[in-house]
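The sequence shown begins at 114 in the working numbering and counts up by one.
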Amino acid sequence: MIIKYLKEDSIELLKKYDLESNARLYNGDNSWLITKYINKGTELFGKYEAKQFSEFTLKVENGIADDYENMKIIYESLKELTDSQASDERVWAGLAHNYCWEYMQKRWPMPEKKENRNSHILNNYFFWNSTKAVFLNGISRLWWYARYTYDNRLDNPYELTKYICDNDINGKIFPLLACKFASDPEVFKKIIYSIKKFEEENNITLSREQFNELKKYLNRLSGKIVLDILSYNELNNKIVNKLSEIKK
Numbered sequence: 114m115i116i117k118y119l120k121e122d123s124i125e126l127l128k129k130y131d132l133e134s135n136a137r138l139y140n141g142d143n144s145w146l147i148t149k150y151i152n153k154g155t156e157l158f159g160k161y162e163a164k165q166f167s168e169f170t171l172k173v174e175n176g177i178a179d180d181y182e183n184m185k186i187i188y189e190s191l192k193e194l195t196d197s198q199a200s201d202e203r204v205w206a207g208l209a210h211n212y213c214w215e216y217m218q219k220r221w222p223m224p225e226k227k228e229n230r231n232s233h234i235l236n237n238y239f240f241w242n243s244t245k246a247v248f249l250n251g252i253s254r255l256w257w258y259a260r261y262t263y264d265n266r267l268d269n270p271y272e273l274t275k276y277i278c279d280n281d282i283n284g285k286i287f288p289l290l291a292c293k294f295a296s297d298p299e300v301f302k303k304i305i306y307s308i309k310k311f312e313e314e315n316n317i318t319l320s321r322e323q324f325n326e327l328k329k330y331l332n333r334l335s336g337k338i339v340l341d342i343l344s345y346n347e348l349n350n351k352i353v354n355k356l357s358e359i360k361k
């Protein structure tokens, strides 16, 4: 497949100037993009001529329960994207408005309250209002959560991806990713794998409050030590000691 992206001026048009008038149109099919713009000479999309990716179809039947499978599907298809390309709003806004429109309609349906519609569109169809917007956009979040958890050293490279999908991704994982010390995928994977092992060995699931206590500890620790220079065992020992203290 050839990825179609939204051009820079198209994003400006849809995200800013026509947002209010288009809000009601985000509930239904996307033919309005043709009748309102393309048929009148406004070419919204560009395409990566040299970038060919495998076709993918996202699951839409079970909402959040399909996130894990969809993360694998989109990452396998678009694994060749560089981090720089995958940080480009044009890519994901283009997919959200075109190839993945049906998925967006079912996974991120428009809110009933009119006053919530603009922010819903900005968060899910574009990048908006966050330094971690890649983890909020309805399509890019799938790729980026997989990017931060995919580990080909494990028997199942998506083992950590499955774990975060099963463990309060919004209440625990996203706040952790918002921390500067977790911005390196390798550090993030070490942290998540250590937590996962601790929970399995102690037959527990950390609450949001306990998870937050560990996050605050790691934030303080990162002010004293550069976490990415620690080996897995060194960081794991610190995490296990802190979690043992929190568990008591």
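Ideal Cβ placement from N, Cα and C applies to all residues, glycine included. This one's a predicted model, so the numbers in the text were calculated from it and none came from an experiment.
DSSP state of residue i mapped onto helix, strand, coil
i, result
"F393", "Outside the shown range of the chain (114 to 361) lies residue 393, about which nothing can therefore be said."
"F287", "helix"
"K361", "coil"
"K117", "strand"
"Y263", "coil"
"F166", "coil"
"K411", "In this structure the chain extends from 114 to 361, so residue 411 is not present and cannot be described."
"G141", "coil"
"K128", "helix"
"K351", "helix"
"G176", "helix"
"K160", "strand"
"K149", "helix"
"D268", "coil"
"S344", "coil"
"L171", "coil"
"V247", "helix"
"I234", "helix"
"I338", "coil"
"I252", "coil"
Residue i, buried or exposed, once every other Cβ within 10 Å from all chains shown has been counted against 16
i, result
"V204", "buried"
"V339", "exposed"
"R333", "exposed"
"K303", "buried"
"N152", "exposed"
"K310", "exposed"
"M114", "exposed"
"K285", "buried"
"Y130", "exposed"
"S167", "exposed"
"K128", "buried"
"G154", "exposed"
"R321", "exposed"
"G251", "buried"
"N183", "buried"
"I352", "buried"
"T274", "buried"
"I187", "buried"
"S134", "exposed"
"I124", "buried"
"S357", "exposed"
"R220", "buried"
Residue range of the alpha helix (DSSP H) that includes residue i
i, result
"V300", "P298 to N315"
"E215", "W214 to R220"
"D279", "E272 to D279"
"Y188", "D180 to S190"
"K293", "Per DSSP, K293 belongs to no alpha helix (DSSP H) and is neither H nor E."
"D196", "D196 to A199"
"G207", "E202 to H210"
"E326", "R321 to S335"
"E365", "For residue 365 there is no data in the structure shown, the boundaries of the chain being 114 and 361."
Whole-number beta carbon distance between residue j and residue i, since they are thought to touch under 8 Å
i, j, result
"A209", "M217", "5 Å"
"I116", "K149", "Incorrect: roughly 23 Å between the Cβ atoms, too far for contact."
"F158", "Y118", "7 Å"
"Y271", "K185", "5 Å"
- prompt: Hey, is the segment 161–181 in contact with the segment 262–280, meaning 3+ C-beta pairs nearer than 8 Å?
  reply: yes
- prompt: How about the segment 197–206 and the segment 237–245: do they share at least three Cβ pairs that are nearer than 8 Å?
  reply: yes
- prompt: Between the segment 310–318 and the segment 340–347, are three or more C-beta pairs nearer than 8 Å?
  reply: Not touching, per the Cβ criterion.
query: Is the segment 124–142 touching the segment 216–233 in the sense that three or more CB pairs, one from each, lie closer than 8 Å?
result: yes
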